[in-house]
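A.B. asks: Quick one: structure below, then a few questions.
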Amino acid sequence: MITTMALRFPSRLLSQLKLSRRLHSLPAPLSEDSDDESLKFPSNDLEGSYIPVDRRFYNTLLKKCTVFKLLTQGRIVHGHLIQSIFRHDLVMNNTLLNMYAKCGSLEEARKVFDKMPERDFVTWTTLISGYSQHDRPCDALLLFNQMLRFGFNPNEFTLSSVIKAAAAERRGCCGHQLHGFCIKCGFDSNVHVGSALLDLYTRYGLMDDAQLVFDALESRNDVSWNALIAGHARRCGTEKALELFQGMLREGFRPSHFSYASLFGACSSTGFLEQGKWVHAYMIKSGEKLVAFAGNTLLDMYAKSGSIHDARKIFDRLAKRDVVSWNSLLTAYAQHGFGKEAVCWFEEMRKGGIRPNEISFLSVLTACSHSGLLDEGWHYYELMKKDGIVPEAWHYVTVVDLLGRAGDLNRALRFIEEMPIEPTAAIWKALLNACRMHKNTELGAYAAEHVFELDPDDPGPHVILYNIYASGGRWNDAARVRKKMKESGVKKEPACSWVEIENAIHMFVANDERHPQREEIARKWEEVLAKIKELGYVPDTSHVIVHVDQQEREVNLQYHSEKIALAFALLNTPPGSTIHIKKNIRVCGDCH
DNA sequence: GTAGGGTTAG
C-alpha cells in the first residue's frame, strides 16, 4: 500500500517535496469506521508498525494536493492522516477540508466538516468559501447563517466568500443587509470584502452603490479596479469602463488579463471597435502576453466587428489555446457564414486532441445551419450524442433551424415532436422563422401559437407572424395579429442603429427627425440611393409590415435607422474609411 | 488552516 501511494504521486511532485525517502516511513493505512468507501484503506498486518510522521509532512502533502487539485492523492493522504495522531487536530482537519473544497469535492468536504470533533471560524469559512467558489451559493449562505447561530464570528475571509455567494444567488437579495453587517464588523473598507461587495452591487445593477464602496476602500488593488471595470463592462457601460481603465493606469496599477477581457467584451458588444483596438494596442505595448482568457474575448471582438481575418490572426497568436479559443473561432466562422471553414476547424480541433464540448457542437451546428450544410449538420448532431454529450434545448433549436432553413419544414416539425424534452419557446421560434423564410403560412401559424403560449411577451414572433400573413396577402389575419399585439400590450422593440466615429457612438432610430444634421443626412442618402439604383438596386419591400401601397412602402424603407447611420457615417468620415454599423435587432432584408 | 475580479453560445 505504501508503494502504491508512492506510485500514485507524480515523481515530479515527490522530488519537489524531497520526500521519497520519508514516504517509506508513512504509517500503514488501516481501515476506518468511515461509512464512505472512498475513504477506506485496506487493513493489513502493519497495525503494529505505526511510525509517527510530523505535522509539517501532512501539511505539505495536503497543500500540494490542493494547489495541483490532486483529489485522488489527497484521499490517500486523508486515509493515512485518519490513522495518525493528528486525526482530531483542528488545523490539520481544516487543511484537509480545504483540500476537498478546493478540489471541488464538496460532499467529501462536508463529511470532514461533519465529523470534526472541534470547529473554529476557519472551519466554517473554509466550507463556506468552498460552496461559494463551486457554484453552490445557497449552501454557502445557509452555512453562514448556521455559523452565526453557533456563535462564531465571521472575519474578512468569511465575508468576502459570503458576499460572492450572495452576488450569485439573486433570489436572496441580501446585498444591503450584508453590507450593513460588514460595516458593523468594521470590514466594509477591507479591500477583499469591498471588492466582493462592489462586485455584488454591479451585478444587482446598483452602480452608484458600487462606486461608493470603491471610493471608501482603505486601499485599492488591481482586483478592486477590475471588479468595477467588469461591472460596468457587463452592463454595457463601455465608456465608464474605459474611463476607469484610464484611472487605473493613472494610479499606477498594471492591468491584467481580467481587465483586458472585460474591456474587449464591452467594446465588442457596444460597437466601440476603435477603442477596443486602442486597448489591444496598449496591451501589446505593455508587454502583456496574449493568454486565452483575454485573447478569446479579443478574438470574439474582431469577429463581431466584421473582421474574420483579425479574429483568425488572434487565434494564431494565442500563447496557449483552450477549448474556448477553439469555440470562439468556430463561432466566428459560423457568424460570418463560413460553414465549410467552421467544419474544417472543428475537425482540426479534434485532430489536435481538443475534446469538443457542448458549445463546440453548438457552434459547428450553427455554422452548418447558416450555410445550408444539412447533411454535415445532421452528422455532427449524431456525433455529439455518440460523444456522450446530451443535447440541450439550444442544440435542438439549432437542429430545427438547420432543417427549417434547408426547407424541410415537415422534418423539422417531426423532429420537435420526437424530441426527448418539452419544446421551448426558442425551438418553436426557430420553426416559425423557417416558416417565414419559406413562406409556409399554416405551419407558421401553428408554431406561433406555441410561441405565444410559452413566451407571450416577446414582440418578435408577433411581428414575424404578421409578416408571414402580410407577405401572403392575408391582410385580415395580419390585422388580427396586430390587434392581439395591441390588446396584450406587446410592443415591437424600436429598431436602432449606432456607429462609432472618433471615439463617440452615434445612435439613430427610424425616421429620426430630431438630429441636428437631419437635412444633410437626407441629402446624402438621396445621393447614395440614386447611385445604387443606377447600379441596379431594387427596393425589397416584402417585409415592410405596413399595409400601404408600393410607393409608400419604398419611402418607409428609406428611413430605416441603419440607412440613416450609414448616411451620417459617410458624411462624417474621410473617404475610404471602414464604417461599422451595429443594430439592436436583425437588419431588414432591404437594408442588408 | 480560510477571501474578492474575467472568456465562447443564446
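Oh and the first sequence: position 520 is 1928 in our numbering, straight run, nothing missing. Beta carbons are placed, not taken as given, at the ideal position from N, Cα and C, and that holds for glycine. This structure is a prediction, so every number in the text was calculated from the model and none was measured.
(1) Going by alpha carbons, who is nearest to L1695 out of Y1668, G1538, V1808, S1676?
(2) Look up C1904 in the DSSP assignment and give the residues it is bridged to.
(3) Roughly how many whole angstroms lie between the Cα atoms of A1604 and A1573?
(4) Between which two residues does the beta strand (DSSP E) containing I1989 stretch?
(5) Looking only at C-alpha atoms, which of Q1683, S1664, N1634, R1926 sits nearest to E1647?
(6) Which residues does DSSP pair with A1912 in a beta bridge?
(7) Please state whether the Cβ-Cβ distance between L1606 and F1622 is less than 7 Å.
(8) What are the boundary residues of the alpha helix (DSSP H) that includes T1678?
(9) Please look up how many angstroms separate the CB atoms of F1976 and I1929, rounded, as I've assumed it's under 8 Å.
(10) Just the C-alpha distance for T1981 and V1907, rounded to the nearest angstrom, thanks.
(11) For a test of the three-state rule: what should DSSP assign to M1507, helix, strand or coil?
(12) If you draw a straight line from the C-alpha of T1986 to the C-alpha of A1702, how long is it?
(13) Ordered along the chain, which non-local residues of its own chain (more than five positions away) have a Cβ less than 8 Å from that of A1742?
(14) Which of helix, strand or coil does DSSP assign to T1986?
(15) Should K1990 be labelled buried (16 or more other beta-carbon atoms within 10 Å of its own) or exposed?
(16) Is G1997 helix, strand or coil by DSSP?
(17) Can you give me the Cβ contacts of F1521 inside the same chain, cut-off strictly under 7 Å, excluding the 5 residues immediately before and after it?
(18) Considering only the alpha carbon of each residue, which of F1565, A1624, S1676, G1594 lies closest to R1642?
(19) Measuring only the C-alpha atoms, how far is N1563 from S1670?
(20) Within its chain, find whatever has a CB closer than 7 Å to the CB of D1885; leave out the 5 residues flanking it on each side and keep chain order.
(21) Between the region 1867-1882 and the region 1827-1846, do three or more beta carbon pairs fall short of 8 Å?
(22) Can you list, in chain order, the residues of its chain with a C-beta nearer than 8 Å to that of C1473? Leave out the 5 residues immediately preceding and following it.
(23) What distance in whole Å lies between the Cβ atoms of S1664 and N1634, which are believed to be in contact at a cut-off of 8 Å?
(24) Just to confirm my understanding: we take G1780, look at its own chain, exclude 5 residues before and 5 after, and list those with CB closer than 8 Å. What are they?
(25) Consult DSSP for S1779 and reduce its assignment to one of helix, strand or coil.
(26) Could you check if C1546 is buried or exposed, using at least 16 other CB atoms within 10 Å of its CB as the buried criterion?
(27) When the Cα atoms are used, what is the spatial distance from R1844 to H1787?
(28) Have a look at L1427 and S1513 and give me their C-alpha separation to the nearest angstrom.
(29) Which residue's Cα is closest to the Cα of Y1945: I1913, C1999, I1972?
(30) Of the residues R1611, L1620, Q1654, which one's Cα is nearest the Cα of D1630?
(31) In chain order, what residues of the same chain lie with their CB nearer than 6 Å to the CB of M1893, ignoring the 5 residues before and after it?
(32) For I1767 versus H1744, is the C-beta distance shorter than 7 Å?
(33) Apart from the five residues on each side of it in sequence, which residues of its chain come closer than 6 Å, Cβ to Cβ, to G1984?
(34) Alpha carbon to alpha carbon, how far is A1842 from T1832?
(35) In this structure, does DSSP put H1386 in helix, strand or coil?
(36) Mapping DSSP to helix, strand and coil, what is E1826?
C.D. replies: Taking the coordinates as given:
(1) The question names Leu, yet the displayed sequence has Gly at residue 1695. Nearest C-alpha to G1695: Y1668.
(2) V1917
(3) 10 Å
(4) 1989-1991
(5) Q1683
(6) I1909
(7) yes
(8) 1665-1678
(9) 5 Å
(10) 11 Å
(11) helix
(12) 25 Å
(13) A1750, S1771, V1772, T1774, A1775, H1778
(14) coil
(15) buried
(16) coil
(17) L1505, T1531, L1535
(18) S1676
(19) 30 Å
(20) Y1877
(21) yes
(22) L1479, Q1481, G1482, V1485, M1507, C1511
(23) 7 Å
(24) G1747, R1813, A1814
(25) coil
(26) exposed
(27) 26 Å
(28) Annotation note: pLDDT 42 at L1427 (below 50); position unreliable, coordinate value reported separately. Approximately 26 Å, taken between the alpha carbons.
(29) C1999
(30) Q1654
(31) H1870
(32) no
(33) none
(34) 16 Å
(35) Any property of residue 1386 remains undetermined from this structure, which presents the chain solely from 1409 to 2000.
(36) helix
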